[in-house]
Amino acid sequence: MANNHTGADILLSDGGLLCIRDQKPGAAHHYLIIPKEHINNCLKLQPEHIQLVEQMRAMGMRILHMNNVSDSDIKMGFHVPPFSSVAHLHLHVLAPVSQMCHRSMLCYGPQSHWFITVDDVLSQLKTRGKKQIPVLPLLTFSNCSRFLHEKLRCG
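Using the UniProt record's numbering, the first residue of the sequence shown is number 1, and each one after it goes up by one.
Below, the structure is given as structure tokens:
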């Protein structure tokens, strides 16, 4: 993914980061910020990755500002394994959150058990030294697999 194997257009490139549009957008503006350095997922982040995650968040803000998106209606975060479809760390940048459909809110919203905000990841890296997986209710892959195979439909 970081080597542009997706065939997606690179919207921004800055040192060790790339920004592309998500191929299955969950919002009108849905971007992925991808580090060139391979990190499997957000659970593999360590305190030495704080600067990288902050740079990813800054690039997310930059792409939103370039597209005249307000700061007040955004969501940035990572999927928590096993609910990530790609084994390479990538930050989801979504806006406007207030216009996301129900299915997108299940995947990226505040009640989602498989999505953690970038601010929560940074807070945990800074205070505890290691990203902690949120406590999940009795969710299993089979319970949620139908959402992974449906086409995104809003409305």
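Ideal Cβ placement from N, Cα and C applies to all residues, glycine included.
{"Item": "Around the C-beta of I10, are 16 or more other C-beta atoms found within 10 angstroms, so that it is buried, or is it exposed?", "Value": "exposed"}
{"Item": "Please check the pair V93 and Y31, which I expect to be a contact at CB under 8 Å, by giving their CB distance rounded to whole angstroms.", "Value": "4 Å"}
{"Item": "Is it buried or exposed, G16, if we count other Cβ atoms within 10 angstroms and call 16 or more buried?", "Value": "exposed"}
{"Item": "Along the chain, where does the beta strand (DSSP E) containing M59 start, and where does it finish?", "Value": "Taken as a continuous stretch (DSSP letters only), M59 belongs to no beta strand (DSSP E), being part of the alpha helix (DSSP H) at I50 to M66."}
{"Item": "Cα separation between N41 and H65?", "Value": "26 Å"}
{"Item": "At which residues does the beta strand (DSSP E) containing R21 begin and terminate?", "Value": "L17 to R21"}
{"Item": "Quick check: what's the CA-CA separation for Q99 versus A27?", "Value": "7 Å"}
{"Item": "Under the DSSP definition of a beta bridge, which residues are partnered with I34?", "Value": "L18"}
{"Item": "Report back the beta-carbon spacing between L125 and V53 to the nearest angstrom; my notes put them in contact at under 8 Å.", "Value": "7 Å"}
{"Item": "Determine the extent of the alpha helix (DSSP H) in which V118 is found, giving its start and end residues.", "Value": "V118 to T127"}
{"Item": "Taking DSSP as the reference, what is the three-state secondary structure of K24?", "Value": "coil"}
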